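Residue numbers (our numbering): 4 to 467. Cβ coordinates follow ideal geometry from the N, Cα and C atoms, glycine included. Note that the structure is predicted; figures quoted are calculated from it, not measured. See below for the structure under consideration.
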Amino acid sequence: MKERPIVPESEILRQREFMKLVRAMDRRPQSYHIVSMGCQMNERDSESIAGMLEEMGMVRARAREDADLILYNTCCVRENAENKALGNVIWLKELKKDKPDLMICVGGCMTQEKGMAAMMKKNYPFIDLVYGTHNLYRLPEYVWRVLTEKRPVVEVMDIDGEVVEGLPEARASKFMAFVNIMYGCDNFCTYCIVPHVRGRERSRTPEAILEECVRLQDQGVREIMLLGQNVNSYRGGGAEFADLLYRVDRLGIPRIRFMTSHPKDLSDELIHAFGELRHLMPQLHLPVQAGNDEVLKRMNRRYTRAHYLDLVKRLRSVCPDIGLTSDIIVGFPGETLEQFEDTMSLVREVRFDAAYTFIYSPRKGTRAAEFPDDTPYAVKSERIQRLIELQQAIALEALEAQVGKTEQVLVEAVSTRDAASVGGKTPRGHMVNFPGDISLIGQFVDVEITSAGRNTLRGRRIEQ
Ligand code: 5AD
Ligand code: SF4
4 MKERPIVPES EILRQREFMK LVRAMDRRPQ SYHIVSMGCQ MNERDSESIA GMLEEMGMVR
64 ARAREDADLI LYNTCCVREN AENKALGNVI WLKELKKDKP DLMICVGGCM TQEKGMAAMM
124 KKNYPFIDLV YGTHNLYRLP EYVWRVLTEK RPVVEVMDID GEVVEGLPEA RASKFMAFVN
184 IMYGCDNFCT YCIVPHVRGR ERSRTPEAIL EECVRLQDQG VREIMLLGQN VNSYRGGGAE
244 FADLLYRVDR LGIPRIRFMT SHPKDLSDEL IHAFGELRHL MPQLHLPVQA GNDEVLKRMN
304 RRYTRAHYLD LVKRLRSVCP DIGLTSDIIV GFPGETLEQF EDTMSLVREV RFDAAYTFIY
364 SPRKGTRAAE FPDDTPYAVK SERIQRLIEL QQAIALEALE AQVGKTEQVL VEAVSTRDAA
424 SVGGKTPRGH MVNFPGDISL IGQFVDVEIT SAGRNTLRGR RIEQ
């Protein structure tokens with residue numbers, strides 16, 4: 004991976020000047036609402052967006068309808084993500100009729116797609132700002148231009164991507180944090196649009212990452228999630244991902260997780276890390292996508308079923324309790340029933356704690372979109388239904404196997420179903436609810452697991 008240019012500090016300072024200019028304006032949005040779609044990378048971007056908007060003097064609105072500025076941070080990984088974003092934006096047109104000063108901003112992966120910005124400019128003239136993935140840091144300048152020029156701003160940059168440091172941030176949680184370590188992807192799996200919208204792989208330096216981790220630790224953060232589209236190809240200042248992980252572990256933050264890993268790049272050092280590092284949680288998201296070699300080849304995944312199964316074996320030999328999760332695509336162009344059965348048998352063999360399953364969605368500009376696909380949608384639907392049922396049964400067994408254990412839970416929130424309970428995750432990533440109150444949020448609590456539900460565990464606090 005090439006070292007990519009860092010956006011110069013002078014440019015970030017220039018953007019800070021725009022933040023001040025907007026803040027000083029009489030007629031500007033006073034409140035904002037962000038709708039974050041898609042993956043954790045987008046969630047992290049939304050924290051930077053929130054930070055910039057707050058520097059511009061805006062406060063987070065309680066509800067979308069109350070906000071003076073509404074920003075959609077979009078995803079385009081599957082067609083339904085895109086339809087959802089466009090559907091939502093059309094609804095905003097109605098809202099704007101009653102609230103003419105409402106500022107509507109749309110950015111992220113969908114707007115970065117080829118031709119999308121032009122289409123939006125033509126068909127959605129009520130959108131005030133359209134920007135892409137590479138120029139997020141220029142948001143202050145664009146907001147200022149919308150307010151002063153009083154006409155829509157549409158700016159999407161067609162570049163390989165840069166590394167941005169030093170943006171303000173308004174974090175969603177006080178004790179759990181996302182930390183980007185790299186951006187972009189060079190793998191070009193044939194179904195995937197990510198390399199087309201997020202650009203080439205580029206890594207932050209270990210120093211910048213460690214500095215951010217230390218700052219978060221000082222602020223009381225207890226769990227960090229290192230993020231990248233393909234963390235295993237992290238190369239920052241000569242360091243590989245496993246080196247970085249050892250350095251982060253030494254900081255002493257109680258919990259470290261990371262995502263996402265590509266099976267072709269999962270190194271021996273990283274497997275060993277699961278046996279050695281005190282703070283690395285026994286959990287790994289390792290998307291397999293399919294269980295058949297022919298399909299994997301056409302997906303350009305560059306590993307085989309046997310290789311994947313071998314990784315699982317080695318991971319479990321160093322860390323027997325590791326919780327594995329995965330992404331699986333059903334109905335890839337040309338997938339036969341037999342090939343699908345290979346995915347089913349792999350799922351039976353690996354026994355994932357959870358698997359996110361998707362029906363293949365053709366994305367314009369990707370290679371697979373040109374592949375012949377003669378499997379009817381109804382057949383794909385039936386296949387995914389079978390896969391979901393199988394995975395649910397396996398997940399339930401994994402949950403039931405936890406009953407009777409005592410686990411340390413980092414409490415995240417009051418339970419949505421029962422106001423007298425709180426919930427949080429075990430090291431392996433299982434969600435546990437147990438009787439408790441709001442004062443426990445952000446704390447580590449020992450919990451005895453008493454029963455398993457469909458997706459979560461129930462437990463009882465063990466008093467020290
Ligand atoms: N169709 C369906 N699923 C997809 N994914 C990525 N691209 C597509 C597509 N075109 C899934 C993969 C990936 C996850 C984030 O989304 O499983 O791991
Ligand atoms: Fe995340 Fe990919 Fe969706 Fe972009 S397209 S938000 S990188 S999942």
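So, is residue i buried or exposed, given that buried needs 16 or more other C-beta atoms within 10 angstroms?
i: Thr114; result: buried
i: Tyr482; result: Since the first residue of the chain shown is 4 and the last is 467, residue 482 is not available in this structure.
i: Ile73; result: buried
i: Leu289; result: buried
i: Tyr311; result: buried
i: Glu97; result: exposed
i: Met22; result: buried
i: Lys428; result: buried
i: Gly334; result: buried
i: Gly255; result: exposed
i: Pro198; result: buried
i: Arg366; result: buried
i: Glu12; result: exposed
i: Asp48; result: buried
i: Ala88; result: buried
i: Pro32; result: buried
i: Asp345; result: buried
i: Gly239; result: buried
i: Gln292; result: buried
i: Glu166; result: According to the sequence provided, residue 166 is Val. The question's Glu does not apply to it. Answer is buried; the Cβ neighbour count reaches 16.
i: Glu468; result: What is shown of the chain runs 4 to 467, which leaves residue 468 out entirely.
i: Val425; result: buried
i: Ala211; result: buried
i: Val159; result: buried
Quick one: what's residue i bridged to in DSSP?
i: Cys108; result: Leu74, Leu132
i: Gln411; result: Asp449
i: Ile331; result: Gln292, Thr360
i: Gln286; result: Gly326
i: Pro266; result: Note: Pro266 sits in no beta bridge, so no partner.
i: Pro438; result: Ser424
i: Phe181; result: Met228
i: Glu243; result: Arg238
i: Leu16; result: The partner list for Leu16 (beta bridge, DSSP) is empty, contrary to what the question assumes.
i: Ser39; result: Asn76
i: Arg63; result: Tyr35
i: Arg258; result: Glu226
Looking only at C-alpha atoms, which of the options sits nearest to residue i?
i: Pro209; options: Thr419, Pro171, Leu248; result: Leu248
i: Leu314; options: Val435, Asp296, Asp271; result: Asp271
i: Ser264; options: Met185, Gly255, Gly334; result: Met185
i: Gln220; options: Pro257, Ser39, Met55; result: Pro257
i: Pro128; options: Pro155, Thr136, Leu105; result: Pro155
i: Leu280; options: Ala27, Val321, Pro171, Asn303; result: Val321
i: Gln232; options: Ala398, Gly368, Arg463, Val80; result: Val80
i: Gly368; options: Glu116, Val166, Tyr140; result: Glu116
i: Cys188; options: Ala180, Pro143, Ala175, Asn235; result: Asn235
i: Ala390; options: Gln405, Ile331, Thr419; result: Sequence inspection shows Leu at residue 390; the Ala mentioned does not correspond to that position. Of Gln405, Ile331, Thr419, the residue nearest in Cα terms is Ile331.
i: Asp163; options: Arg250, Pro375, Gly135, Cys42; result: Gly135
i: Thr419; options: Glu341, Pro438, Lys125, Met40; result: Pro438
i: Leu443; options: Arg461, Val417, Ile452, Gly432; result: Val417
i: Lys316; options: Asp71, Phe261, Gln394, Leu349; result: Leu349
i: Phe343; options: Glu410, Cys42, Gly294; result: Gly294
i: Arg464; options: Arg174, Asn436, Met40; result: Asn436
i: Arg304; options: Trp147, Asn190, Arg370; result: Asn190
i: Glu14; options: Ile107, Gly41, Glu168, Ala121; result: Glu168
i: Met517; options: Lys124, Cys78, Lys153; result: Nothing can be reported for residue 517, as the shown portion of the chain is limited to 4 through 467.
i: His433; options: Ala357, Asn86, Arg141; result: Ala357
i: Asp336; options: Arg370, Pro375, Met347; result: Per the sequence shown, the amino acid found at residue 336 is Pro instead of Asp. The residue with the shortest Cα to Cα distance from Pro336 is Pro375.
i: Cys78; options: Gly54, Asp104, Val109; result: Val109
i: Met150; options: Asp131, Val157, Val159, Leu273; result: A small fix is needed here, since residue 150 is Leu in this sequence, not Met. Among Asp131, Val157, Val159, Leu273, the Cα nearest to that of Leu150 is on Asp131.
i: Leu16; options: Val62, Cys216, Arg141, Ala120; result: Arg141
i: Met302; options: Asp440, Arg218, Leu213, Ala371; result: Ala371
i: Ala455; options: Leu399, Gln18, Ala422, Arg431; result: Leu399
Please confirm if residue i has its CB atom under 9 angstroms from at least one CB of chain D.
i: Ser442; result: No chain D is present in this structure, which holds just one protein chain.
My understanding is that residue i touches residue j, with C-beta atoms under 8 angstroms, so please give their C-beta distance in whole angstroms.
i: His282; j: Asp252; result: 5 angstroms
i: Asn83; j: Val38; result: Not quite, the Cβ-Cβ distance comes to about 15 angstroms (not below 8 angstroms), so this is no contact.
i: Thr328; j: Phe361; result: At roughly 14 angstroms, the Cβ-Cβ gap does not stay under 8 angstroms, so Thr328 and Phe361 are not in contact.
i: Gln411; j: Ile452; result: Actually they do not touch by this definition, with Cβ atoms about 12 angstroms apart.
i: Glu50; j: Arg174; result: 5 angstroms
Is any non-hydrogen atom of the ligand NAP found closer than 8 angstroms to the C-beta of residue i, if you look at the structure I gave you?
i: Lys267; result: Here the bound small molecules are the ligand 5AD and the ligand SF4; the ligand NAP is not part of this structure.
Residues passing the C-beta test against the ligand 5AD heavy atoms, cut-off 6 angstroms: Val80, Arg81, Tyr194, Cys195, Pro290, Gln292, Asp330, Ile332, Phe361, Tyr363, Ser364, Arg366
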